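First up is the structure itself, then whatever we jot down about it.
Numbering (the numbering used here), first residue to last: 276 to 392.
Structure, rendered in structure tokens:
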């Protein structure tokens, strides 16, 4: 299972970098989204995939008696999802505004328009 997730992470990183290097701003946003999802899966994988109980110590014991799920990677992933959602929504609004002004989403044409001013 971990090898499959590692392969998926590699595919997400590779496709994200490929999309980021394209000239279209829409593809840039899609690449950022793929890259962020790959990073979230990487954090999840580094936290070790375990089927376990919630990390709550019963009242009669002092330590954990069985395997438990680590809550730190889960909290990091939830935080990363919220931050990436904010970044993506800001980038989408920025691209929409740039497209409205310049009438293109191609980065080379945007640079040419900037030099003409």
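Every residue, glycine too, gets a C-beta built ideally from N, C-alpha and C.
Computed from a prediction, not measured in an experiment: that's the story for all the values here.
In the same chain as residue 381, and ignoring 5 residues on each side of it, the C-beta atoms closer than 7 Å to its own belong to 298, 299, in chain order. Between residue 343 and residue 335, the alpha-carbon positions lie close to 17 Å from each other.
One alpha carbon belongs to residue 346, the other to residue 307, and they sit about 26 Å apart. Cβ-Cβ distances below 8 Å link residue 367 to 304 in the same chain, with the five nearest sequence neighbours on each side left out; the list follows chain order.
When only Cα atoms are considered, residue 329 and residue 355 end up about 21 Å apart.
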